[in-house]
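Read the structure below first, then the notes.
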Amino acid sequence: DGKTLAITLDYKGNPDIFLLAADYSSKRKWKVTRRVTNHHAIDTSPAFSADGKKIAFVSTRRGRAQIFMKNLAKKSSRAQLLFSTPHRTYTPKWCRSGIREYIAFTQLVGNKSVIFIYDVRNKNGWRATSTSAPNAENPSWSPHCNLIAYESIGSNIGSNGIRISPIVGGRSVSLFAGPFTTPNWGK
7 DGKTLAITLD YKGNPDIFLL AADYSSKRKW KVTRRVTNHH AIDTSPAFSA DGKKIAFVST
67 RRGRAQIFMK NLAKKSSRAQ LLFSTPHRTY TPKWCRSGIR EYIAFTQLVG NKSVIFIYDV
127 RNKNGWRATS TSAPNAENPS WSPHCNLIAY ESIGSNIGSN GIRISPIVGG RSVSLFAGPF
187 TTPNWGK
């Protein structure tokens with residue numbers, strides 16, 4: 007809705023997800039309108055769905071960082087694990103274009119980080135980058151959800167950069183080499 011901000015707030019020593027709304031009637035400017043999570047685990051990195059009715063976030067409630075999803079339209083809904091994986095996951099980014107609805111995130115496989123795509127409608131996922139390539143982090147969606155820009159982190163000094171990859175098949179392309187980080191694709 008453009009008026010709601012999702013944040014991680016360390017409330018009484020426990021990081022949870024909260025929603026804030028603009029409140030221009032007070033000096034504070036923002037007020038907490040809802041606590042989305044209330045769990046002893048660490049809940050971070052909230053990402054809204056395109057329609058604002060769902061939120062994806064990272065939680066350690068199953069012992070390691072995993073992506074969970076919660077329906078915001080139902081106040082009593084429980085957080086659902088997106089899918090079970092033995093790998094730690096972080097930085098969820100949501101994309102919807104037409105009938106396509108995906109969540110991209112970074113997944114740590116052994117000592118390599120890769121970009122993973124989850125198809126929300128079909129409930130399946132796949133790696134968009136390879137474990138044999140440089141580390142890949144911080145995905146950002148193209149407007150039509152068919153490409154991912156991401157931070158490529160090489161093992162050699164100066165081998166970092168921004169790459170673009172199709173979400174299915176095809177090869178990634180180096181966009182910029184150098185000390186570039188955290189791409190964000192405009193709509």
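Here the working numbering is used: the first residue of the sequence shown is 7, the next is one more, and so on. Beta carbons: idealized from backbone N, C-alpha and C, even for Gly.
Taking DSSP as the reference, what is the three-state secondary structure of residue i?
| i | result |
| --- | --- |
| Lys118 | strand |
| Cys151 | coil |
| Phe186 | coil |
| Arg34 | coil |
| Ile13 | strand |
| Asn77 | strand |
| Lys83 | Residue identity check: residue 83 is Ser in the sequence provided, not Lys. Coil, per DSSP. |
| Arg40 | strand |
| Trp100 | strand |
Tell me where the beta strand (DSSP E) around residue i begins and ends.
| i | result |
| --- | --- |
| Ser171 | 167–172 |
| Ala142 | 141–147 |
| Pro92 | Run containing Pro92: none; DSSP gives neither H nor E here. |
| Pro126 | Looking at the sequence shown, residue 126 is not Pro but Val. From DSSP, Val126 is part of no beta strand (DSSP E); its letter is neither H nor E. |
| Leu26 | 20–29 |
| Val64 | 60–65 |
| Ala53 | 49–54 |
Quick one, which of the options has its alpha-carbon nearest residue i's?
| i | options | result |
| --- | --- | --- |
| Trp191 | Gly176, Gly175, Ile170 | Ile170 |
| Ile71 | Arg94, Leu87, Ile61, Lys59 | With the sequence shown as reference, residue 71 is identified as Ala, and Ile is not the correct amino acid for it. Nearest of Arg94, Leu87, Ile61, Lys59 to Ala71, Cα basis: Arg94. |
| Asn166 | Val64, Ala142, Gly176, Gly175 | Ala142 |
Straight-line CA distance for residue i to residue j?
| i | j | result |
| --- | --- | --- |
| Lys60 | Arg133 | 23 Å |
| Ser158 | Asp22 | 30 Å |
| Asn152 | Val126 | 15 Å |
| Ser82 | Thr97 | 25 Å |
| Gly58 | Ile73 | 17 Å |
| Leu88 | Tyr108 | 11 Å |
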